[in-house]
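The structure appears right after this line, and notes come after that.
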Amino acid sequence: MLQHSIVHRNPNWETPQELFDEACRKYKVRPSLDVCATRRNKKCALFFSKDSLSKQWNRSFYMNPPYGKGIIDKWIKYAYEQHVKHNVTAMALIFAKTETKWWHKYIQDVAEVHFIKGRVHFQLNGKDVQNSAPYGSAWVIWRRDG
-7 MLQHSIVHRN PNWETPQELF DEACRKYKVR PSLDVCATRR NKKCALFFSK DSLSKQWNRS
53 FYMNPPYGKG IIDKWIKYAY EQHVKHNVTA MALIFAKTET KWWHKYIQDV AEVHFIKGRV
113 HFQLNGKDVQ NSAPYGSAWV IWRRDG
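Its first residue numbered -7, the sequence shown is counted upward by one per residue in this note's numbering.
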């Protein structure tokens, strides 16, 4: 298991491509913008690598946000706001922290939640990390209206 302190030292864990592709197929989501990416680990043709929280996410988007106390809540809030503002479908891979305020405000009762069995083995610098994540994860999908 990834040590809790390791998550906070490096909040930029990468989504394995196979996991992303499987979720897109299974949940019929086709994001065109990755809002938390680098050129090397992007999951969509379009991506933001810097200053994402100051940009408009006006197309279907994917997000595997940086983790850490005081960070994740800003990303979840902004993702929800952008989904509503632009009426776009959004998919996020996040820790299933159902006890948090942000979960109750921006996810529970307003999004689809698909819990992932077991713990995700994220990647770092394009390579598999030996240990799994310290928490369970979920796919969160905010669907566009109409």
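Here a beta-carbon is modelled for each residue, glycine too, at the ideal position from N, C-alpha and C.
None of the values given here were measured: they were computed from a predicted structure.
Is F107 buried or exposed, if buried means 16 or more other CB atoms sit within 10 Å of its CB?
-> With fewer than 16 other Cβ atoms within 10 Å, it is exposed.
Taking the Cβ atom as the reference point for each residue, do S52 and L85 lie within a distance shorter than 8 angstroms?
-> no
What is the DSSP secondary structure of V27, reduced to helix, strand or coil?
-> If DSSP states are grouped into helix, strand and coil, V27 belongs with coil.
Looking at the structure shown, is A37 part of a helix, part of a strand, or coil, going by DSSP?
-> coil
Do you know whose CA, among F12, I133 and E10, lies nearest A82's CA?
-> For the options F12, I133 and E10, the alpha carbon positioned closest to that of A82 is the one of I133.
Using only alpha-carbon positions, find the residue among E10, H78, S24 and E104 that is nearest to Y54.
-> S24
Which residues in the same chain as A103 place their Cβ atom closer than 7 angstroms to its Cβ, once the five residues preceding and following it in sequence are excluded?
-> V132, I133 and W134
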